[in-house]
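Note sheet for the following structure.
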Amino acid sequence: MTSATKPTQAARYGMTIDVDRCNGCGACMVACAVENNVPPAPQANDRQGLTWIRVYRVDNGGRLAYVPVMCQHCGADAPCVSVCPQHAVDIDPATGIVGEMPQRCLGCRYCMAACPYHARYFNWWDPAWPPGMEKTLNPGVTPRMRGVVEKCNFCHGRWHAAKQQAAANGQPDGPVSYTPACAEACPTGAIRFGDLNDAAGPVAQASKDSASFRLLENLGTEPKVYYRSKRDWVRQIAGAPTPGPGKENSCD
Amino acid sequence: MKLSRRDLFIYAGGSAAGALLTPAPWRLITDTALWSENWPGIPAPPRGEIRTRFTNCSLCRAGCAVRARCVGDQPVQLAGVAAHPLSRGALCPFGLTGHHLPFHPARLKQGSAEQALGAVSAAISDAGSGRIAVLDLRPGRTVSWTYRRAMAKLNGLYIAPGQSVAYDLHQAKTVLSLGVPLLDGWGTPGNVWAARPGFRLIQAEPIQSRTAALADVWLPVQPGTEDTLALAIANAIENRNGDDERAVSVANELTQNGPALVLDNYGSAAVMALNQSLGAAGHTMVAMPEAPVPDTWRKAAPATSLAQMEDRSIGVLLIDESAVDGYLPWHTIEPKLVRDNPVVVTFASGRGGYARHAQFALPAGVYPEFAEDIPTAVDSPAATFRISTPLVAPPAGMVNPAGFIGALAGLPKSDAVRERADAIHRAGRGTLFTPADAKTVAVRDITAEAFWKSLSEAGCWIDEAGNTQAPEAQPPESEPWPSGSGGLVAILSAQHTPPLMSPLMSKVYQESNLRLAPNWIALHPSDARAARLENGAEAFLQTRLGKCGVRVAVDPAVPAGMVQVGTAPGILDVCGPAARAKVVAV
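Those protein sequences? They're chains A and B, same order as listed. Each residue of the first sequence is one higher than the one before, counting from 648 in my numbering. Each residue of the second sequence is one higher than the one before, counting from 113 in my numbering.
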């Protein structure tokens with residue numbers, strides 16, 4: 648067995664989002680776009696926009712709350728993985744991150760139809776920035792071409808950089824600690840990121856909070872993004888209509 | 113007609129040649145290239161040495177510390193500095209994308225400073241043409257002192273619609289906010305959120321804003337009745353009772369869970385008096401502190417407000433809108449100008465603001481192109497001094513407003529920011545935080561040279577605590593908004609937006625419906641139906657002062673009978689808080 652194939656201790660990266668602290672400022676949305684070279688789309692409206700993370704305003708008829716939604720990085724039965732005819736979507740066993748390979752994507756958008764979280768976005772236009780602004784692109788992430796589906800990958804570029812740094816420090820194996828752009832940018836500290844397998848870590852602890860919940864949990868997708876709110880109506884809004892017989896998006 | 117083989121070839125050849133003149137084959141080529149994955153239209157990110165540099169964001173007076181990840185000299189990513197004692201690692205969406213502003217397509221790039229200088233000089237020498245004045249939209253900076261010194265020399269006026277009060281949220285246990293966007297861009301985001309667990313927030317506002325959504329209590333009020341509520345609360349405190357149950361309840365909270373603080377957007381006398389009765393003055397509400405200045409600068413024109421000035425008295429108006437903390441509607445400025453040929457010069461980064469009304473619009477640098485200090489933030493009771501260190505070079509042709517106005521008055525050229533830094537060091541008070549090493553040292557322990565070096569690398573000087581100077585009541589900046597009757601009642605989007613925003617802000621304004629764009633208005637569905645408007649429709653917003661083209665968002669969160677308006681200068685010129693407005697389809 649070579650060092651490249653040697654099994655390593657796997658991480659299960661996840662996120663906790665405190666809805667009671669989110670003021671809907673949108674810092675996570677623009678920080679994500681800067682980090683991942685997501686182009687502005689002046690032609691787009693709110694249905695066609697390219698936003699790997701989108702903050703939704705929800706209400707109960709009286710009070711408002713803001714809920715950031717990105718790819719929920721489902722567990723082993725991620726709906727988008729099973730429907731992709733190109734094998735352009737996979738789950739990295741070393742990190743648990745659901746990855747998207749734009750080079751393989753043919754733009755059929757089956758994955759968008761399958762995703763219950765509406766967290767996937769189709770690249771309708773050529774990636775274009777105002778003249779000169781391409782100098783501000785992040786060199787760690789390649790812009791994607793028109794005609795492919797894009798989504799949050801928990802800032803995979805940052806994970807690679809952290810992994811390289813760990814290797815340079817003599818620790819090539821095992822999980823690394825890093826922070827995605829949205830969590831780093833959140834001015835209220837509502838978004839936190841870490842390894843859910845690290846039981847003593849703050850994110851794993853927060854995910855077990857009694858006020859913690861996941862979106863559409865009854866679909867059985869096992870998302871790795873946990874939300875938290877002390878408001879009952881916010882927790883209830885995260886539920887889904889009762890699914891029909893059988894399991895949706897099953898590859899069986 | 114008989115079709116020969118030759119005719120068929122001619123027809124086919126003609127069709128093929130004609131098709132080349134249509135876009136179809138060229139479109140086919142580009143679409144095919146997409147699938148070949150050799151698409152030349154994908155921009156290549158820059159390559160080069162990765163460095164980290166620091167600056168302070170000058171997009172608003174919060175002045176948050178910024179860590180810039182650069183490729184070579186070009187910043188490609190901005191983030192906060194977690195160890196910073198004031199900004200605590202937070203940046204707002206505008207600050208996160210500040211490095212895009214030099215490339216903004218709507219940026220003002222041309223303007224003749226020589227022509228403007230000639231026109232201003234001629235107007236000054238003409239004794240009958242009125243006085244010269246500078247309108248400074250972010251007072252308290254070092255350039256503000258340059259303007260004041262220049263106006264003192266030219267016998268001119270210095271107009272500053274500034275912030276005269278600072279607040280200490282960390283000392284407060286109950287905060288009543290009358291429409292202030294406390295949790296959405298009012299102060300320094302990191303500092304406000306650090307203080308938030310310590311106080312109970314009561315938000316009185318017509319609409320459930322982002323601040324109201326996270327407040328402990330949201331009190332819906334009619335637009336324009338905030339002062340009435342403040343008076344009712346003051347009455348309830350004084351008389352221990354009152355007719356207004358809601359005011360009595362708030363008064364009880366404020367008095368029983370002190371120290372308390374009341375915030376509003378306009379510095380009204382009623383709110384100032386309420387704060388005094390609550391004991392906030394000199395405690396949680398203090399006079400806006402300012403960093404020391406050299407003694408030689410003290411011979412300067414005093415700050416005045418538009419409301420204090422005589423009508424038709426200004427012949428030359430110089431407007432510095434390169435840094436803007438708030439926009440004064442043009443209808444409050446125009447009556448102060450002489451009737452015959454006033455000269456208006458604006459130093460601006462874009463054409464959206466006063467450039468529409470000025471004879472000369474001169475291009476000014478944008479953040480992060482120029483070095484400028486940032487005045488003390490509204491949520492800092494101690495004076496601060498920070499410099500927005502340039503990260504990129506400005507393009508050719510930019511005009512320095514302070515250089516222009518200083519030259520007009522014949523002020524000697526000097527590095528005013530350095531002189532002020534030396535004055536602060538001579539005062540020997542306070543501490544200095546340096547972001548590169550996250551260390552804080554006492555000013556008296558370092559040399560003037562080391563102090564300046566640290567400030568030039570985005571250091572932050574913070575004065576000693578203990579500011580207990582109570583603020584003085586200020587006259588209103590302008591007349592109350594003409595309200596009239598009929599139509600919809602206007603609510604302003606309280607959040608301040610800078611004159612230029614990164615194109616990536618389309619993610620929050622357009623590619624999602626998270627925020628109301630500056631040139632949009634929002635209507636309740638019933639009002640939209642009555643006006644026969646759909647979501648995204650173009651319309652005119654009409655008030656007594658004129659009309660302005662807008663786009664319409666239909667939003668059930670806006671109460672019926674009200675219209676929420678964005679903060680674009682075109683809208684603010686015709687519509688203010690509680691104004692009566694009509695929305696008409698184009």
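All C-beta atoms, glycine included, are put in the ideal place defined by N, C-alpha and C.
A distance of 9 Å or more separates the beta carbons of Val455 (chain B) and Ser237 (chain B). The beta carbon of Phe860 (chain A) sits closer than 8 Å to the beta carbons of Tyr873, Tyr874, Arg875, Ser876, Arg882 and Ala885 from its chain, once the five residues preceding and following it are set aside; these are given in chain order. Near chain B, meaning a CB-to-CB distance below 9 Å, no residue of the segment 868 to 888 of chain A qualifies. Taking a beta-carbon distance threshold of 9 Å, Thr835 (chain A) counts as an interface residue toward chain B. Between Pro158 (chain B) and Gly291 (chain B), the alpha-carbon positions lie close to 44 Å from each other. The DSSP-derived three-state label of Thr134 (chain B) is coil.
Residue A:Pro686 holds the alpha-carbon nearest to the alpha-carbon of Trp776 (chain A) among A:Arg756, A:Cys721 and A:Pro686.
In the structure shown, the three-state DSSP call for Asp119 (chain B) is helix.
Within its own chain, the residues whose Cβ lies closer than 8 Å to the Cβ of Val450 (chain B), once the five positions on either side in sequence are excluded, are Ser241, Gly242, Arg424, Ser425, Ile426 and Gly427, listed in chain order. Nearest C-alpha to Ile838 (chain A) among A:Arg793, A:Arg659 and A:Val702: A:Val702. Residues of chain B whose Cβ lies closer than 8 Å to the Cβ of Met676 (chain A) are, in chain order, Pro205, Lys619, Val620, Ser624 and Leu626.
Taking 9 Å as the CB threshold, Gly648 (chain B) lines the interface with chain A. Contact of Leu697 (chain A) with chain B by beta-carbon distance below 9 Å involves Lys619 and Glu623. Residue-level contact by beta carbon fails for Trp806 (chain A) and chain B, as no gap is shorter than 9 Å. Three or more beta-carbon pairs drawn from the segment 382 to 395 of chain B and the segment 569 to 586 of chain B are found closer than 8 Å, and the two stretches are therefore classed as touching.
The segment 363 to 411 of chain B contains, as complete beta strand (DSSP E) runs of 3+ residues, the segments 372 to 376 and 397 to 399 (chain order). Taking 9 Å as the CB threshold, Arg710 (chain A) lines the interface with chain B.
Look at Ala691 (chain A): its C-beta is under 9 Å from a C-beta on chain B. The beta carbon of Val823 (chain A) is closer than 6 Å to those of Ala809, Lys810 and Ala813 in its chain, skipping five residues each way along the sequence. Listed in chain order, the non-local C-beta contacts of Glu831 (chain A) below 8 Å within the same chain comprise Ala678, local neighbours out to five positions each way being set aside. Think of a sphere of 9 Å around the beta carbon of Gln320 (chain B): the chain A residues whose beta carbon falls inside it are Asp706, Gly709, Arg710 and Leu711, in chain order. Remark: three or more beta-carbon pairs, one from each stretch, lie closer than 8 Å, so the segment 739 to 748 of chain A and the segment 791 to 803 of chain A are flagged as touching. Judged by DSSP secondary structure, Cys182 (chain B) falls within the beta strand (DSSP E) whose first and last residues are Ala177 to Val183. Of the candidates B:Leu208, B:Thr458 and B:Val695, the residue whose Cα lies closest to the Cα of Ile517 (chain B) is B:Thr458. For Arg805 (chain A), the CB contacts under 6 Å within the same chain, skipping 5 residues up- and downstream, are Tyr825 in chain order.
Separation of Ile738 (chain A) and Arg668 (chain A) (C-alpha to C-alpha, rounded to the nearest whole angstrom) is 30 Å. Collapsing the DSSP output to three states places Phe769 (chain A) in a strand.
The alpha-carbon separation between Gly184 (chain B) and Thr783 (chain A) amounts to approximately 11 Å. Cys669 (chain A) sits in coil when the DSSP states are folded into three classes, being neither helix nor strand. In this structure, the beta-carbon distance from Cys172 (chain B) to Gly297 (chain B) falls below 9 Å.
In summary, the residues of the segment 322 to 335 of chain B whose CB is separated from some CB of chain A by less than 7 Å are Arg322, Ala325 and Leu326, in the order they occur in the chain. The secondary-structure analysis by DSSP pairs Gly658 (chain B) across a beta bridge with B:Thr655. For Gln186 (chain B), the nearest beta carbon of chain A is closer than 9 Å to its own beta carbon. Check the Cα spacing between Glu226 (chain B) and each of B:Met510, B:Glu422 and B:Asp639: the tightest is with B:Met510.
By the 16-neighbour rule on beta-carbons within 10 angstroms, Ala316 (chain B) is buried. The beta carbon of Gly671 (chain A) sits closer than 7 Å to the beta carbons of Val702, Arg704 and Tyr713 from its chain, once the five residues preceding and following it are set aside; these are given in chain order.
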